[in-house]
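Engineer: Would you mind keeping the following structure in view while I ask a few things?
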Amino acid sequence: MEKEDNFGDWYLDIVEKANLSDKRYPVKGMNVWTPYGWKAMSNIDGFIRKELDATGHDEVCFPLMIPETEFKKEKEHIKGFDSEVYWVTHAGLNELDVKLVLRPTSETAMYPMFALWVRSHHDLPLKVYQIVNTFRYETKQTRAFMRVREIHFFESHTCHVSEEDAQRQIAEDVDILSKIARSLCLPYFLSVRTDWDKFPGAYYTIGIDTVMPNGRTLQIGSIHQYRTNFSEPYEITYEDENGEHKHVHQTTYGMSERLLGAVIGMHSDDKGLIMPPDIAPFQTVVIPIVSKDNRQQVTEAARALAAELSVCGIRTKLDDRDARPGSKYYDWEIKGVPLRLEIGGRDIENGVVTFARRDTGEKGTISLKSVAPGAELLLSMISASLREKAEMSHMSKMEEIDSPDRISEGKILKFGWCGCEECGHKFEDTYGLKILGTPYLPERYEGRCMICGKDADRTVLAARTM
RNA sequence: GGGCCUAUGGGCUAGCCUGGUAUACUUGUGGCUUUGGGAGCCAUUGACUCCGGUUCGAAUCCGGAUAGGCCCA
């Protein structure tokens with residue numbers, strides 16, 4: 009299966025061959041995380057935890073089920089999610105008086121509790137997050153990690169004394185994103201979603217999108233400014249220094265297993281996955297090359313090598329199966345292990361190990377004496393090279409245009425827009441592209457709306473989406 | 001929401017029209033041999049989605065259920 013020709017089929021093919029997820033579970037859109045896939049996801053979660061803990065967020069875990077009465081408190085929110093939630097209507101043989109919804113996201117689970125937790129300005133800011141599964145009844149075609157009905161999801165929720173403080177939180181979120189994306193070697197861009205496309209209940213939404221090699225964008229996360237839209241119906245108030253009671257200002261930040269889908273789609277090739285070293289379940293695989301005469305010597309050397317790498321903090325797999333080396337090479341190439349180390353009689357004689365890079369195929373040797381630093385260096389070179397390659401692919405897909413005649417397939421387009429909803433819908437319907445929003449960092453623009461020709465003071469981004 | 005299609009070992013698949021012993025490859029298991037890019041030989045486990053109907057006899061024909069896929073709104 010070839011990535012260039014048929015991205016969709018290629019993606020499904022390598023996800024299956026690398027055994028990241030088992031889609032044979034008999035509920036559509038609910039796949040089983042296999043050990044290998046779950047390790048990769050857990051490593052991504054690890055980066056999220058690290059960055060959030062470092063910025064003063066506390067991890068929590070709220071119940072999965074939300075009573076209908078709480079779920080329906082914020083009107084826009086319920087309108088946005090009504091058609092895609094799962095309901096629990098029975099418990100045992102009894103019909104429930106108050107139906108329960110499986111969280112599609114946790115605002116309505118958390119905010120009644122926030123109302124109890126927050127009393128004084130001393131309690132603010134409140135910054136919590138959780139990494140849990142959420143449920144959305146997707147009607148479009150499902151696809152492992154990219155569109156599923158049970159979603160492995162990260163969400164942070166914050167409460168602040170003022171809109172300014174909430175804005176500072178959003179700036180912090182953007183900064184956290186840049187660090188996580190660096191580990192994943194994943195380029196992205198931010199746009200402020202249009203009013204008709206923002207999160208139900210939000211004051212505004214920042215979409216985080218990345219571009220797949222087929223030129224379609226994939227939303228990998230979002231950041232929302234709620235102002236007091238939720239704190240009003242949920243009555244989350246605090247008493248300020250002057251004894252006045254005020255509503256808190258809130259933000260949320262969410263990302264999901266799509267991060268893994270994006271990483272796979274971005275870096276992998278026709279031979280299989282290429283895991284960025286930071287999230288690879290195994291960063292190196294050690295393959296002993298034994299022969300009849302030196303079996304014991306080589307096996308011991310391989311074991312010692314793997315142990316040394318592990319001690320030095322490199323996630324290492326020793327593949328000592330009784331199989332031919334070539335077949336092991338193919339196996340680990342499919343699974344995307346970034347660095348392969350071979351050790352055989354020849355290497356031992358020369359005091360080296362032979363390495364092969366998964367990303368470039370380059371082969372060489374490292375001295376056995378400094379094998380851990382040597383492997384570290386190669387891993388960081390692999391990260392840098394993946395990052396650079398992805399960045400270039402990303403850049404090459406950005407295009408600024410001034411007329412619909414210039415629309416080309418597989419590009420992220422930027423053009424002048426008057427800002428009205430009518431023009432937005434007209435554009436989407438005519439060209440089958442989605443308006444992603446205005447660039448997050450405001451740009452000075454003086455020109456005309458590409459759709460209606462009126463004066464425009466902003467640009468907008470549009471693309472085909474996955 | 002409307003329509004179309006599919007369901008056979010772990011995976012992929014032949015057989016279905018024209019009813020009678022279910023095919024190949026792959027994987028798995030055991031053994032011998034082998035190991036610097038998918039080794040070979042021998043032995044072996046393993047399947048007709050479910051319920052009902054027609055029939056002497058159903059993977060095959062008919063009806064329904066379930067699950068999955070595709071197209072249109």
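Going by the working numbering, the first sequence opens with residue 9, and the numbers climb by one from there.
Idealized CB from N, CA, C, for every residue including glycine.
#1: Could you check if Val504 is buried or exposed, using at least 16 other CB atoms within 10 Å of its CB as the buried criterion?
#2: What would DSSP say about Phe143, mapped onto helix, strand or coil?
#3: Can you give me the Cβ contacts of Pro75 inside the same chain, cut-off strictly under 7 Å, excluding the 5 residues immediately before and after it?
#4: Identify whether Gln175 lies in helix, strand or coil by the three-state DSSP scheme.
#5: Nearest CA to the CA of Gly344: which residue from Asp278, Arg57 and Tyr94?
#6: Can you tell me whether Leu347 is buried or exposed? The criterion is at least 16 other CB atoms within 10 Å of its CB, across all chains shown.
#7: If you count every other CB in all the chains shown that lies within 10 Å of the CB of Lys462, and 16 or more means buried, which is it?
#8: Could you tell me the alpha carbon to alpha carbon distance between Val256 and Gly440, rounded to whole angstroms?
#9: Is the beta carbon of Tyr246 closer than 8 Å to that of His165?
#10: Alpha helix (DSSP H) containing Lys148: first to last residue?
#11: Closest by CA to Glu78, which one among Glu308, Arg311, Pro241 and Val271?
#12: For a test of the three-state rule: what should DSSP assign to Asp105, helix, strand or coil?
#13: Could you tell me which residues DSSP puts in a beta bridge with His255?
#14: For the beta strand (DSSP E) containing Ser230, name the first residue and the last one.
#15: Do you know whose CA, among Met403, Met283, Asp181 and Thr259, lies nearest Ser170's CA?
#16: Cα-Cα, which of Ile415, Ala471, Met283 and Arg190 is closest to Lys47?
#17: According to DSSP, simplified to helix, strand and coil, what is Tyr453?
#18: Might you give, ordered along the chain, the residues of its own chain that have their beta carbon closer than 6 Å to the beta carbon of Val68, omitting 5 neighbours on each side?
#19: Flag this pair as yes or no: are the beta carbons of Ala398 and Leu194 separated by less than 8 Å?
#20: Three or more C-beta pairs under 8 Å: does that hold for the segment 219 to 237 against the segment 264 to 278?
#21: Please report the residue range of the beta strand (DSSP E) in which Asp3 lies.
#22: Run through DSSP, which three-state label would Asp328 get?
#23: Could you name the residues of the same chain whose beta carbon sits closer than 6 Å to that of Gln177, not counting the 5 residues immediately before and after it, in chain order?
#24: Applying the 10 Å Cβ sphere with the 16-neighbour rule, what's the burial state of Cys320?
#25: What is the DSSP secondary structure of Met121, reduced to helix, strand or coil?
#26: Check each candidate in Phe162, Lys31, Ile420 and Gly353 and name the one with the smallest Cα separation from Lys300.
#27: DSSP three-state label for His65, please.
#28: Going by alpha carbons, who is nearest to Met118 out of Met73, Val156, Ala464 and Met458?
#29: Pull the bridge partners of Gly372 from the DSSP assignment, please.
#30: Rounding to the nearest angstrom, what Cα-Cα distance links Leu386 and Lys336 in this structure?
#31: Using a Cβ distance threshold of 8 Å, determine whether the segment 388 to 406 contacts the segment 322 to 331, with at least three qualifying pairs required.
#32: If you draw a straight line from the alpha carbon of Pro285 to that of Trp41, how long is it in whole angstroms?
#33: Taking 8 Å as the cut-off, does the segment 421 to 441 touch the segment 200 to 209 (at least 3 CB pairs, one atom from each stretch)?
#34: Between which residues of its own chain and Val290 is the CB-CB distance below 6 Å, once the five residues before and five after are set aside?
#35: Identify the residues that DSSP records as bridge partners of Arg466: which are they?
#36: Use the C-beta contact count for Ser416: other C-beta atoms within 10 angstroms, 16 or more gives buried, fewer gives exposed.
Structural biologist: In terms of the structure at hand:
#1: As shown, the chain starts at 9 and ends at 474. That puts residue 504 outside it, with no answer to give.
#2: strand
#3: Val106 and Leu108
#4: helix
#5: Asp278
#6: buried
#7: exposed
#8: 40 Å
#9: no
#10: No alpha helix (DSSP H) contains Lys148, which DSSP labels as neither H nor E.
#11: Pro241
#12: strand
#13: Thr245
#14: Thr225 to Arg235
#15: Thr259
#16: Met283
#17: coil
#18: Val136 and Gln138
#19: yes
#20: yes
#21: Given a span of 9 to 474 for the chain in the structure shown, any question on residue 3 remains unanswerable.
#22: coil
#23: Thr166 and Thr259
#24: exposed
#25: helix
#26: Gly353
#27: coil
#28: Met73
#29: Phe363
#30: 21 Å
#31: no
#32: 20 Å
#33: yes
#34: Before going on, a small fix: residue 290 reads as Phe here, not Val. Arg323, Lys325 and Val345.
#35: Trp425
#36: exposed
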